[in-house]
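K.L.:
Sending over a structure as structure tokens; questions will come in a sec.
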Amino acid sequence: MSNAVAFGSENQGSEKISSAEPEASRIETDINSLYQDAKEDTTKVQVEVDSYGQKQHVKLVDLSADALKDLGARAHYDLAVISRFPSASQCADCHPRHYKEWAASPHAYAQLSPVFNSMQATFIERSLGTNGDFCIRCHSEVGMTLKEPLFTANANRSAVSRQGITCVVCHRIEKPYGRVSGRFGLEQGSIHKPMYGPLSNKTLKEVIERDSVSPEEGIKDGSELIHSEAEKRLYFSTEQICSMCHDVNSQNGFRLEAAYTQFLNSPAKARGETCQDCHMGIKQGIKSGYDKGPVARVGGTPTPTKKITNHQFPGPDYSIIHPGIFPHSTEGPMIATFADWTSFDYIAGWGSDEFESVNNDGHSFPAAWQSHEKRRRAHDFIKLQIERLADIDVPRYQLLRRGYQFGKFKVEENSEAGIAFKLEVRNGTDGHNVPTGFDAERLVFVQVTVRDSEGAVVFQSGDRDPNGDVRDFLSRYVHNWEVPADPFLLNLQSEFLGLTIRGGYRSEILTVNFSQTALPFVRPNTSSSLLEGRPPATRKQVKSLAPNGTRWGVYEIDADALTGRGPYTVNLKFISQMVPAHLVWDISGVGFDYGLSAKEIADRIVKGAMVLWEHDIVLDKTSGVIDLTPTEYQIMNSPPQQHKESWVMDLEQIF
170 MSNAVAFGSE NQGSEKISSA EPEASRIETD INSLYQDAKE DTTKVQVEVD SYGQKQHVKL
230 VDLSADALKD LGARAHYDLA VISRFPSASQ CADCHPRHYK EWAASPHAYA QLSPVFNSMQ
290 ATFIERSLGT NGDFCIRCHS EVGMTLKEPL FTANANRSAV SRQGITCVVC HRIEKPYGRV
350 SGRFGLEQGS IHKPMYGPLS NKTLKEVIER DSVSPEEGIK DGSELIHSEA EKRLYFSTEQ
410 ICSMCHDVNS QNGFRLEAAY TQFLNSPAKA RGETCQDCHM GIKQGIKSGY DKGPVARVGG
470 TPTPTKKITN HQFPGPDYSI IHPGIFPHST EGPMIATFAD WTSFDYIAGW GSDEFESVNN
530 DGHSFPAAWQ SHEKRRRAHD FIKLQIERLA DIDVPRYQLL RRGYQFGKFK VEENSEAGIA
590 FKLEVRNGTD GHNVPTGFDA ERLVFVQVTV RDSEGAVVFQ SGDRDPNGDV RDFLSRYVHN
650 WEVPADPFLL NLQSEFLGLT IRGGYRSEIL TVNFSQTALP FVRPNTSSSL LEGRPPATRK
710 QVKSLAPNGT RWGVYEIDAD ALTGRGPYTV NLKFISQMVP AHLVWDISGV GFDYGLSAKE
770 IADRIVKGAM VLWEHDIVLD KTSGVIDLTP TEYQIMNSPP QQHKESWVMD LEQIF
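For the sequence shown, my numbering begins at 170 and goes up steadily by one.
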């Protein structure tokens with residue numbers, strides 16, 4: 170894999186950021202002030218009339234990377250944004266527990282992911298722009314409402330839009346929208362405007378009367394800022410709020426993701442359970458009740474004890490970006506800017522006692538990192554960030570172990586004539602398929618290695634090519650006939666199939682091929698995809714496991730592969746990786762954020778793959794059955810703390 174062009178190059182200059190019409194004169198004043206500060210670095214401001222000719226509104230045109238290099242313009246822009254969409258860091262003052270859980274979550278990572286950004290940019294490129302904001306709408310609801318560029322470096326975006334699925338993306342949804350693939354409206358307004366959630370206004374009113382807080386603009390200066398209302402919405406306690414983003418249909422009717430639909434048809438739904446019961450409770454992936462405690466702490470005083478929902482939302486994704494910028498934090502921006510953090514080389518030891526004890530005055534540091542003291546602060550902060558990443562990796566580990574499990578292992582032949590055995594894999598949950606969501610890009614596979622008594626390998630399946638891919642037909646090495654395909658591969662990754670010009674289907678990595686004409690590629694179908702269940706030119710072969718579902722892998726070793734040095738030992742590994750390496754190659758044409766190359770991206774993804782289960786089985790009998798189904802104790806106590814300690818070391822190697 171070769172280096173790729175970085176985000177934020179000069180060809181992004183034509184992108185536009187426009188602001189919606191201000192709802193209050195104060196917001197309009199902030200926008201105008203921002204324009205005056207950024208005027209020398211940006212292009213003109215133009216007045217446009219909306220499509221119905223009813224109103225006029227001011228747009229900031231070409232607020233590009235050049236403009237955002239000016240720290241004054243950057244600060245004013247962020248200030249104008251948080252007056253309309255409060256930052257999660259503002260919520261952290263009173264909700265520290267919720268903020269800590271969210272800050273390292275996949276929701277918080279949604280917009281920062283370099284893989285996601287390049288994937289959605291590839292969709293735009295291949296569809297001749299007709300894909301629009303379809304992908305990024307879910308990942309950066311605030312950014313798209315602000316009309317930020319569809320494709321630019323995250324350093325160019327507002328601090329709030331970089332927070333992805335941030336607090337207001339859920340708690341400023343005034344009404345249920347249903348399955349709209351992320352296309353819903355956010356209520357705008359400062360931190361003082363009402364927030365929506367599952368609780369009533371009673372406790373908030375008591376806090377406002379009791380504590381020195383500022384529920385409105387300009388009163389009680391110096392006090393903690395607080396929203397004036399907490400309006401109860403029943404859909405926050407149902408799965409309906411999850412359906413807005415977790416059932417995705419593309420413009421041509423293709424069912425890209427179906428987590429919510431799977432849930433609606435699951436045993437869990439039939440029992441009356443909700444998404445929140447399994448994903449916001451005490452244990453991940455199973456209904457286990459909720460923690461109890463204060464929902465907020467105002468002025469150091471806790472609110473009355475109530476049910477507390479967990480906002481970690483662990484899943485298959487994990488961070489591969491600089492720990493200075495993720496997890497989100499209140500401390501990091503106090504040390505350096507978002508862009509400056511990516512140039513801090515903590516791998517070289519900057520800020521450590523060993524590094525700083527040597528005279529490094531002649532070292533070529535970036536301007537932001539000239540100070541010894543600043544580097545030391547950054548070093549300590551990075552250590553804290555890696556601990557935070559390891560903290561959330563424990564519930565991710567437990568969640569995935571609950572979903573992906575081994576079942577029975579059956580030896581059917583074990584002799585000089587050959588070895589044959591079967592392995593059952595099972596979905597240990599009954600709320601939806603595993604993998605779910607974007608299941609065609611979730612690499613979940615079984616690695617099988619058989620060795621003789623002296624350690625010589627006589628059989629492998631689920632091993633990797635030099636790029637880190639399994640040996641399926643999407644591997645570049647298999648495609649080029651450099652390594653053989655793996656006929657025994659047990660992989661739960663679903664597969665996109667595209668109709669070829671000669672008829673028949675072939676595998677494809679993304680659901681949009683290159684258009685061979687000047688016509689937009691993503692366009693309405695001429696037939697009803699609703700009646701047919703899918704668009705005519707593409708479909709998905711689902712390989713995920715249904716709720717409580719199982720599948721068997723069948724493995725055979727011929728006599729000529731055996732060494733005669735028995736007994737043989739079978740090593741089994743169940744591995745989860747957020748995306749395959751071949752996806753990185755397929756989206757590399759548009760480049761990657763943070764100056765990362767495709768090779769760096771792929772290597773970090775492969776290193777972050779998690780071995781969920783591992784067993785060594787000695788084949789000392791001609792036949793037999795072993796039950797590998799885990800107990801609840803094994804799922805939850807592997808032990809998690811030991812996993813965390815090993816993961817801290819792994820993270821230091823990954824970045």
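Note that CB positions come from ideal geometry on N, CA and C, so glycine has one too. Since this is a predicted model, take the numbers as computed values, not measurements.
1. So within the segment 367-433, which uninterrupted alpha helix (DSSP H) runs reach at least 4 residues, ignoring any that extend past its ends?
2. What would DSSP say about GLY722, mapped onto helix, strand or coil?
3. Pull up the distance between the alpha-carbon of LEU668 and that of ALA706, whole angstroms please.
4. Consult DSSP for ASP784 and reduce its assignment to one of helix, strand or coil.
5. Should GLY722 be labelled buried (16 or more other beta-carbon atoms within 10 Å of its own) or exposed?
6. Given that a residue counts as buried once 16 or more other Cβ atoms are within 10 Å of its Cβ, and exposed if not, what is TRP538?
7. Which word fits GLY606, buried or exposed, when buried means at least 16 other C-beta atoms lie within 10 angstroms of its C-beta?
8. Which of the three DSSP states is assigned to PHE550 in this structure?
9. If you draw a straight line from the C-alpha of ASP727 to the C-alpha of LEU569, how long is it?
10. Among the candidates ALA465, GLN574, SER584 and GLY572, whose CA atom is the shortest distance from the CA of ARG734?
11. Determine the DSSP secondary structure at GLU542, reduced to helix, strand or coil.
12. Return the CA-CA distance between TRP271 and ALA277, expressed in angstroms with no decimal places.
13. In this structure, how does DSSP classify SER564 when only helix, strand and coil are distinguished?
14. Could you name the residues of the same chain whose beta carbon sits closer than 6 Å to that of ILE795, not counting the 5 residues immediately before and after it, in chain order?
15. Could you check where the alpha helix (DSSP H) with TYR268 kicks off and where it finishes?
16. The alpha helix (DSSP H) with ARG306 in it runs from where to where?
17. Okay, do the segment 580-596 and the segment 523-541 touch, 3+ Cβ pairs below 8 Å being the bar?
18. Can you pull the DSSP bridge partners for PRO463?
19. Using the Cα positions of HIS497 and ASN479, report the straight-line distance between them to the nearest angstrom.
20. When you compare each of TYR515, PRO535, ASP486 and LEU368 to ASP509 by their alpha carbons, which one comes out closest?
21. Measure the C-alpha to C-alpha separation of SER488 and ASP562 and round it to an integer number of angstroms.
22. Can you tell me whether GLN803 is buried or exposed? The criterion is at least 16 other CB atoms within 10 Å of its CB, across all chains shown.
23. On the DSSP letters alone, give me the boundaries of the beta strand (DSSP E) that ALA437 sits inside.
24. Does the segment 251-260 come close enough to the segment 448-456 that 3 or more CB-CB pairs lie under 8 Å?
25. Reducing DSSP to helix, strand and coil, say where ASP486 ends up.
26. Can you give me the Cβ contacts of HIS601 inside the same chain, cut-off strictly under 7 Å, excluding the 5 residues immediately before and after it?
27. Can you find the residues in the same chain that come closer than 7 Å, C-beta to C-beta, to TYR404, ignoring five residues on each side of it along the sequence?
28. So is GLU375 buried or exposed if we call it buried at 16+ other beta carbons inside 10 Å?
29. Compute the Euclidean distance between the alpha carbons of ALA173 and ASP380, then round it to the nearest angstrom.
30. Could you say if the segment 640-654 and the segment 785-793 meet the contact criterion of at least three C-beta pairs nearer than 8 Å?
31. Which same chain residues end up closer than 8 Å to VAL627 when comparing Cβ atoms and leaving out the 5 residues on each side of it in sequence?
32. Quick check on DSSP: helix, strand or coil for ASP210?
33. Could you check the C-alpha separation between THR499 and SER258 for me, to the nearest Å?
34. What three-state label does DSSP hand VAL748 in the structure shown?
35. For LYS806, count neighbouring C-beta atoms within 10 Å of its own C-beta (all shown protein chains included) and say buried if the count is 16 or more, exposed if not.
36. Which term fits GLN481, buried or exposed, when burial requires 16 or more other beta carbons within 10 angstroms of its beta carbon?
P.N.:
Looking at the coordinates:
1. With a minimum length of 4 residues, the continuous alpha helix (DSSP H) runs that stay inside the segment 367-433 are 371-379, 409-412 and 428-433.
2. Position 553 of the sequence shown holds residue 722. Looking at GLY722 - three-state DSSP - the assignment turns out to be strand.
3. Here residue 668 refers to the residue found at position 499 when the sequence shown is read from its first residue. Here residue 706 refers to the residue found at position 537 when the sequence shown is read from its first residue. Straight-line Cα distance between these residues: approximately 5 Å.
4. Translated into the one-based positions of the sequence shown, residue 784 becomes position 615. First, the residue type needs correcting, since residue 784 is His and not Asp in the sequence shown. HIS784 carries a strand assignment under DSSP once its states are collapsed to helix, strand and coil.
5. One-based indexing of the sequence shown puts residue 722 at position 553. By the 10 Å Cβ count, GLY722 comes out buried.
6. Here the question's residue 538 lines up with position 369 in the sequence shown. When all chains shown are included, TRP538 counts as buried.
7. If you number the sequence shown from 1, residue 606 lands on position 437. A buried status is given to GLY606, since no fewer than 16 other beta-carbon atoms sit within 10 Å of its beta-carbon.
8. Numbered from 1 along the sequence shown, position 381 holds the residue referred to as residue 550. It is helical.
9. For this step, residue 727 is matched to residue 558 along the sequence shown. For this step, residue 569 is matched to residue 400 along the sequence shown. Taking C-alpha positions only, ASP727 is separated from LEU569 by approximately 34 Å.
10. One-based indexing of the sequence shown puts residue 734 at position 565. Here the closest residue by C-alpha is SER584.
11. As a first step, residue 542 must be located in the sequence shown, where it is residue number 373. Note: GLU542 maps to helix in three-state DSSP.
12. The sequence position of residue 271 within the sequence shown is 102, counting from 1. The sequence position of residue 277 within the sequence shown is 108, counting from 1. For TRP271 and ALA277, the distance between alpha carbons rounds to 6 Å.
13. For the purposes of this step, residue 564 is taken as residue 395 along the sequence shown, with counting starting at 1. The sequence shown places Pro at residue 564, not Ser. Residue state, collapsed to three classes: helix.
14. Translated into the one-based positions of the sequence shown, residue 795 becomes position 626. In chain order, PHE578 place their CB closer than 6 Å to the CB of ILE795, counting only its own chain and leaving out the 5 sequence neighbours on each side.
15. Translated into the one-based positions of the sequence shown, residue 268 becomes position 99. Note, TYR268: alpha helix (DSSP H), 265-272.
16. Taking the sequence shown and counting its residues from 1, the one referred to as residue 306 is at position 137. In the DSSP assignment, ARG306 falls within the unbroken alpha helix (DSSP H) covering 305-308.
17. They do not touch, by the three-pair rule.
18. Translated into the one-based positions of the sequence shown, residue 463 becomes position 294. In the DSSP secondary-structure assignment, PRO463 is bridged to THR474.
19. If you number the sequence shown from 1, residue 497 lands on position 328. If you number the sequence shown from 1, residue 479 lands on position 310. Taking the straight line joining both Cα atoms gives about 17 Å.
20. The sequence position of residue 509 within the sequence shown is 340, counting from 1. For the set TYR515, PRO535, ASP486 and LEU368, the Cα lying nearest the Cα of ASP509 is the one of PRO535.
21. The count along the sequence shown starts at 1 and reaches residue 488 at position 319. The count along the sequence shown starts at 1 and reaches residue 562 at position 393. Cα to Cα, SER488 sits roughly 10 Å from ASP562.
22. The residue labelled residue 803 in the question sits at position 634 within the sequence shown. Taking every protein chain shown into account, the CB of GLN803 has fewer than 16 other CB atoms within 10 angstroms, so this residue is exposed.
23. Start at 1 with the first residue of the sequence shown, and residue 437 comes out as number 268. Segment 436-439 is the alpha helix (DSSP H) holding ALA437; no beta strand (DSSP E) there.
24. Counting C-beta pairs with one atom in each stretch, the segment 448-456 and the segment 251-260 have fewer than three that are closer than 8 Å, which means they do not touch.
25. In the sequence shown, the residue the question calls residue 486 occupies position 317. Three-state DSSP puts ASP486 in coil, outside helix and strand.
26. One-based indexing of the sequence shown puts residue 601 at position 432. For HIS601, the CB contacts under 7 Å within the same chain, skipping 5 residues up- and downstream, are ALA428, GLN431, PHE432, SER435 and PRO716 in chain order.
27. In the sequence shown, the residue the question calls residue 404 occupies position 235. Counting only Cβ-Cβ distances below 7 Å, and skipping sequence neighbours, we find PRO345 and ILE410.
28. Along the sequence shown, one-based indexing puts residue 375 at 206. Counting other Cβ atoms within 10 Å of its Cβ, GLU375 stays below 16 and is therefore classed as exposed.
29. Here residue 173 refers to the residue found at position 4 when the sequence shown is read from its first residue. Here residue 380 refers to the residue found at position 211 when the sequence shown is read from its first residue. Below a pLDDT of 50, predicted positions are generally treated as unreliable, and ALA173, at 32, falls in that range; no measurement from the model is reported.
30. With a cut-off of 8 Å, the segment 785-793 and the segment 640-654 do not count as touching, because too few Cβ pairs lie within range.
31. Counting from one through the sequence shown, the residue named residue 627 turns up at place 458. Answer for VAL627: VAL619, ARG620, ASP621, ILE726, ALA730, LEU731, THR732 and TYR737, listed in chain order.
32. Within the sequence shown, numbered from 1, the residue matching residue 210 stands at position 41. Because the pLDDT at ASP210 is just 37, under 50, the model does not fix this residue reliably, and the value given afterwards should be weighed accordingly. Note: ASP210 maps to coil in three-state DSSP.
33. Locating residue 499 in the sequence shown gives position 330, counting from the first residue. Locating residue 258 in the sequence shown gives position 89, counting from the first residue. The alpha-carbon of THR499 is positioned some 6 Å away from that of SER258.
34. As a working note, residue 748 is residue 579 in the sequence shown. In the structure shown, VAL748 falls within a coil segment according to DSSP collapsed to helix, strand and coil.
35. Locating residue 806 in the sequence shown gives position 637, counting from the first residue. Checking the sequence shown, residue 806 turns out to be Asn, not Lys. Per the 10 Å Cβ criterion, exposed.
36. Stepping through the sequence shown from its first residue, residue 481 is reached at position 312. Counting the other Cβ atoms within 10 Å of the Cβ of GLN481 gives 16 or more, which makes it buried.
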